[in-house]
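> Please find one structure pasted underneath; my questions will follow.
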Amino acid sequence: MSGSDQLYDVIIIGGGTTGLFAGYYASMRNLKVKIIEGHDDLGGKVRQFFPEKKLYDVGGMPGATGKEIVEQTIKQANMHAIEIITGQWVMKTEQLEDQSFALETSTGKVHHAKTILLATAMGAFNVVTDAISENKLVEFKQSIATNLMHMSHYQNKKIAISTNNRVGLDCALTLEKTAKSVYLINPADQFQHAKEEELQALESSDIHVYKSSEILDIKGDNNRLHKVVLGNEEEIEVDYMLVYHGVKLRAIDFEDWGLTSEKGRLQVGMDMSTNRKGIYAAGDAVIYEGKTMLIASGYTEAITAINSIAQYVDPKAPAQVYSTVIYRKR
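Position in the sequence shown (from 1) plus 229 gives the number in the numbering used here.
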């Protein structure tokens with residue numbers, strides 16, 4: 230077991246949009262803050278599920294894509310160069326005699342904080358990629374994705390999509406507008422949860438559709454993908470590949486943390502505090518009367534939680550601050 234003896238005012242668990250904004254806001258309030266994210270990438274559900282979609286319910290950013298919102302939120306989080314750790318899952322927490330917390334991650338490192346802010350949603354969504362072997366996913370990781378976060382990569386390129394449901398189908402319809410060619414490979418004969426209008430759009434598109442088709446192998450050189458081999462040994466030349474066969478939720482058992490939850494979400498007070506002193510929550514992780522599951526809701530909950538944490542850490546701290554005052558010399 231190894232780690233840092235540094236004591237943070239708050240450790241934020243979760244590097245999605247809520248956690249990132251909370252990290253920025255904490256730094257604006259001069260709190261010593263660290264974000265720990267289990268995945269290798271930041272952005273959470275916005276990054277995974279709708280990076281290419283235009284969003285209209287985030288104030289001041291009408292029509293911004295999920296990718297743009299994630300990138301801007303990361304940029305904002307880095308304004309004060311806060312510490313952000315990715316690729317580590319918080320496995321165990323312990324409250325010490327001085328009421329601070331020790332958090333042990335999947336790497337064995339231990340992090341210390343006066344408070345914890347959970348911005349974890351109900352857990353982590355991991356894309357099912359069973360159609361491709363793990364060693365091939367690693368070998369060709371530069372050419373294989375599970376979402377459309379990097380749309381510019383696919384301009385005038387040949388793209389294979391391995392999927393069995395409507396998410397992959399929707400990606401194919403999106404990519405058809407910019408890619409040179411799109412190959413949609415489904416091991417089943419139907420696309421799960423696909424809507425009739427999506428199937429009609431697919432029928433009238435130029436997408437090459439392979440149903441009841443298994444992927445036998447993928448080939449390339451220098452870690453770049455070049456060919457997809459189907460079960461009938463047909464070879465398709467490609468530049469990139471998207472793999473999406475649904476998601477599995479890596480749920481968080483909040484009861485193990487001694488936290489009160491309802492339907493997998495944390496019950497919080499108006500100050501975003503949980504039933505355990507020093508632990509707060511925000512975003513899709515929480516439930517209360519009138520709760521909305523929106524990106525913007527996560528931002529306001531993050532502000533409330535951080536303001537509460539600031540006063541928990543220092544009872545003399547103001548209830549809120551104003552950026553126009555803090556940055557008046559900028």
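Ideal placement from N, C-alpha and C gives every residue a C-beta, glycine not left out.
None of these values were measured; they are calculated from a predicted model.
(1) Could you pull out every residue in the same chain whose Cβ sits closer than 7 Å to the Cβ of residue 430, ignoring the five residues on either side in sequence?
(2) Along the chain, where does the alpha helix (DSSP H) that runs through residue 469 open and close?
(3) Quick check on residue 320: does DSSP put it in helix, strand or coil?
(4) Quick one: residues in its chain with C-beta nearer than 7 Å to the C-beta of residue 336, no 5 flanking neighbours on either side, listed in chain order?
(5) For residue 555, count the other beta carbons within 10 Å of its own beta carbon; 16 or more makes it buried, fewer makes it exposed. Which is it?
(6) Alpha carbons only, please: which of 523, 358, 450 and 385 is nearest the one belonging to residue 393?
(7) May I have a chain-ordered list of the alpha helix (DSSP H) segments no shorter than 4 residues that lie completely inside the segment 242-266?
(8) The beta strand (DSSP E) that contains residue 453, what's its start and end?
(9) Among residues of its own chain, excluding the 5 on either side of residue 243, which ones have a beta-carbon nearer than 6 Å to its beta-carbon?
(10) Roughly how many whole angstroms lie between the Cα atoms of residue 311 and residue 262?
(11) Within 10 angstroms of the Cβ of residue 363, are there 16 or more other Cβ atoms? Answer buried if so, exposed if not.
(12) Between which two residues does the alpha helix (DSSP H) harbouring residue 541 extend?
(13) How about residue 546 and residue 531: are their beta carbons less than 9 Å apart?
(14) Could you check the C-alpha separation between residue 405 and residue 421 for me, to the nearest Å?
(15) Take the Cβ of residue 389 as the centre, count every other Cβ of all protein chains shown within 10 Å, and call the residue buried at 16 or more, exposed below.
(16) From which residue to which residue does the alpha helix (DSSP H) around residue 278 run?
(17) Taking the alpha-carbon positions, what's the residue 333 to residue 235 distance?
(18) Do the segment 517-535 and the segment 367-382 make contact, defined as three or more Cβ pairs closer than 8 Å?
(19) Just reading off the beta strand (DSSP E) that residue 433 is part of, what are its end residues?
(20) Taking just the CA atoms, how far does residue 250 sit from residue 326?
(21) So, at 6 Å on beta carbons, what are the nonlocal neighbours of residue 408 in its own chain, with the 5 sequence-adjacent residues on each side left out?
(22) If I'm right that residue 377 touches residue 281 with Cβ under 8 Å, what's the distance once you round it to whole angstroms?
(23) With DSSP run on the structure shown, which of helix, strand or coil describes residue 372?
(24) Just curious, the beta strand (DSSP E) that residue 496 is in, first and last residue?
(25) With a 10 Å radius around its C-beta and 16 neighbouring C-beta atoms as the bar for buried, classify residue 258 as buried or exposed.
(26) Which word fits residue 445, buried or exposed, when buried means at least 16 other C-beta atoms lie within 10 angstroms of its C-beta?
(27) Identify whether residue 235 lies in helix, strand or coil by the three-state DSSP scheme.
On the basis of the coordinates in this document:
(1) Stepping through the sequence shown from its first residue, residue 430 is reached at position 201. Same-chain partners within the cutoff: 402.
(2) Reading the sequence shown from its first residue, position 240 is the one you call residue 469. Run containing residue 469: none in the alpha helix (DSSP H); it sits in the beta strand (DSSP E), 469-473.
(3) Translated into positions along the sequence shown, residue 320 becomes position 91. In the three-state reduction of the DSSP assignment, residue 320 falls in the strand class, which pools E and B.
(4) For the purposes of this step, residue 336 is taken as residue 107 along the sequence shown, with counting starting at 1. Closer than 7 Å at the Cβ level, and outside the excluded window around residue 336, lie 317.
(5) For the purposes of this step, residue 555 is taken as the residue at position 326 of the sequence shown. The residue in question, residue 555, is exposed, as its Cβ has fewer than 16 Cβ neighbours within 10 Å.
(6) Translated into the one-based positions of the sequence shown, residue 393 becomes position 164. Selected option, being the one with the closest Cα: 358.
(7) 246-257
(8) Position 224 of the sequence shown, counted from the start, is the residue given in the question as residue 453. Residues 453-459.
(9) To locate residue 243, count along the sequence shown from 1; it is residue 14. Cβ neighbours of residue 243 beyond the five flanking positions: 348 and 349.
(10) Within the sequence shown, residue 311 is the residue found at index 82, counting from 1. Within the sequence shown, residue 262 is the residue found at index 33, counting from 1. Roughly 6 Å between the two C-alpha positions.
(11) For this step, residue 363 is matched to residue 134 along the sequence shown. Under this definition residue 363 is an exposed residue.
(12) To locate residue 541, count along the sequence shown from 1; it is residue 312. For residue 541, the enclosing alpha helix (DSSP H) begins and ends at 524-542.
(13) Here the question's residue 546 lines up with position 317 in the sequence shown. Here the question's residue 531 lines up with position 302 in the sequence shown. Not in contact: residue 546 and residue 531 (Cβ atoms no closer than 9 Å).
(14) For the purposes of this step, residue 405 is taken as residue 176 along the sequence shown, with counting starting at 1. For the purposes of this step, residue 421 is taken as residue 192 along the sequence shown, with counting starting at 1. Answer to the nearest angstrom: the Cα atoms are 20 Å apart.
(15) In the sequence shown, counting from the first residue as 1, residue 389 sits at position 160. Buried, by the Cβ-count rule.
(16) Here residue 278 refers to the residue found at position 49 of the sequence shown. Where residue 278 is concerned, the enclosing alpha helix (DSSP H) stretches over 273-278.
(17) Mapped onto the sequence shown, residue 333 falls at position 104. Mapped onto the sequence shown, residue 235 falls at position 6. Their Cα atoms are separated by approximately 14 Å.
(18) no
(19) As a position in the sequence shown, residue 433 is number 204, starting the count at 1. Premise fails: residue 433 is in no beta strand (DSSP E) and is neither H nor E.
(20) Residue 326 sits at position 97 when you count from the first residue of the sequence shown. Residue 250 sits at position 21 when you count from the first residue of the sequence shown. Those two C-alpha atoms are separated by around 30 Å.
(21) Your numbering for residue 408 matches position 179 in the sequence shown. If we look at residue 408 and ignore the five residues flanking it on each side, its Cβ neighbours are 383, 386 and 388.
(22) For the purposes of this step, residue 377 is identified with residue 148 of the sequence shown, where counting begins at 1. For the purposes of this step, residue 281 is identified with residue 52 of the sequence shown, where counting begins at 1. With a Cβ gap of about 4 Å, residue 377 and residue 281 count as contacting.
(23) Taking the sequence shown and counting its residues from 1, one reaches residue 372 at position 143. Note: residue 372 maps to coil in three-state DSSP.
(24) The residue given as residue 496 occupies position 267 in the sequence shown. Unbroken beta strand (DSSP E) run through residue 496: 494-496.
(25) In the sequence shown, counting from the first residue as 1, residue 258 sits at position 29. So residue 258 counts as buried.
(26) By one-based count along the sequence shown, residue 445 stands at place 216. Counting the other CB atoms within 10 Å of its CB gives residue 445 a total below 16, which places it among the exposed residues.
(27) Position 6 of the sequence shown holds residue 235. DSSP places residue 235 in strand when its eight states are reduced to three.
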